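Just so we're aligned: 34 in my numbering is position 34 of the sequence shown, and the numbers increase by one with no gaps anywhere.
Note that the Cβ used here is the ideal one computed from N, Cα and C, for glycine as well.
From a predicted model like this one, the values you see are computed outputs, not experimental measurements.
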Amino acid sequence: NKWYLLEAEESFCNNNYDTAKTYYDKAISSAKDHKFVNEEALACELAAYFYLELGQKDKALELFLLAHEKYHEWGAFGKCTSLYEFVVSNFSSPIGTGLTDTDNMRQEIAFPNLEVGLLSSLDDALRRHTDMASDPVG
1 NKWYLLEAEE
11 SFCNNNYDTA
21 KTYYDKAISS
31 AKDHKFVNEE
41 ALACELAAYF
51 YLELGQKDKA
61 LELFLLAHEK
71 YHEWGAFGKC
81 TSLYEFVVSN
91 FSSPIGTGLT
101 DTDNMRQEIA
111 FPNLEVGLLS
121 SLDDALRRHT
131 DMASDPVG
């Protein structure tokens, strides 16, 4: 799976996008099949940046959410926070004064082109992260 990811990144750098897509998919699948949660998270994140660069925001968001989930499963809570902040800043338009807390996120952030289910997934992921980070036993 590391080799697939390296091939995907090289293909991306060489503007060979179809090949890059194939290798990103293989890297994600291979990491998942071998239960390498950390490598699956990384592959999803890098693939998300790839799709974002291509202007495919829905696919990028889907992969960012999956990466967030896998980083959380792995216990990389700091990475979860930074990824969440990146997603919010790149996939939302602030209304009013911006985020104040997770309970008000839907009222203060507009996601004009996203399905409600994806927004709920982002909310749920943040809530899980917040709950896990504040519970030292969890």
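About 4 Å separates the CB atoms of E45 and A67; that is less than 8 Å, so the two are in contact.
Separation of S89 and L54 (C-alpha to C-alpha, rounded to the nearest whole angstrom) is 18 Å. Annotated as distal: Y4 and Y17, with beta-carbon spacing of 8 Å or more. When only Cα atoms are considered, D25 and H34 end up about 14 Å apart. If you draw a straight line from the Cα of W74 to the Cα of V87, it is about 19 Å long. With contacts defined as CB atoms closer than 8 Å, A48 and F64 qualify as a contacting pair.
With contacts defined as CB atoms closer than 8 Å, F91 and F50 fail to qualify as a contacting pair. In the three-state reduction of the DSSP assignment, F12 falls in the helix class, which pools H, G and I.
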